[in-house]
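Residue numbers (this note's numbering): 1299 to 1435. Working notes, beginning with the structure itself.
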């Protein structure tokens, strides 16, 4: 069940990036630290007139990608019911790899992101699933 919630949380996060009017603002401070310039200054430059449109498209694509991953996780859990050892291990290994990559990117590039708390929550759900899976075996 915790893995199902990971899928739902992923869908909700993706919908946030998909529908928020200016999705780069959701992580504004870490983004500005990386860019070493504020978005206000960045968008003020004449050459960057259409940069907000480009960023919206990129964030919308990212949002759809995240929603898709969440839907795949939810569907996998629903279809398999996590009833076999291989079903549980396959999804746990996949989530471990994804979480490892996310942690690497966050701590390397955006350690001040507000999404860090969400990742901690997903990690807690993952660890709960891992523990429960070992209890079933």
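Ideal Cβ placement from N, Cα and C applies to all residues, glycine included.
How would you write the range of the alpha helix (DSSP H) that residue 1390 sits in, first residue to last?
Its alpha helix (DSSP H) spans residues 1383-1407.
Leaving aside the five residues before and after residue 1335 along the sequence, list all residues of the same chain whose C-beta is less than 6 angstroms from its C-beta, in chain order.
none
Use the C-beta contact count for residue 1395: other C-beta atoms within 10 angstroms, 16 or more gives buried, fewer gives exposed.
exposed
Pick from 1332, 1364, 1347, 1325 that is closest to residue 1309, judged by C-alpha positions:
1364
So the candidates are 1345, 1424, 1341; which of them puts its Cα closest to the Cα of residue 1392?
1424
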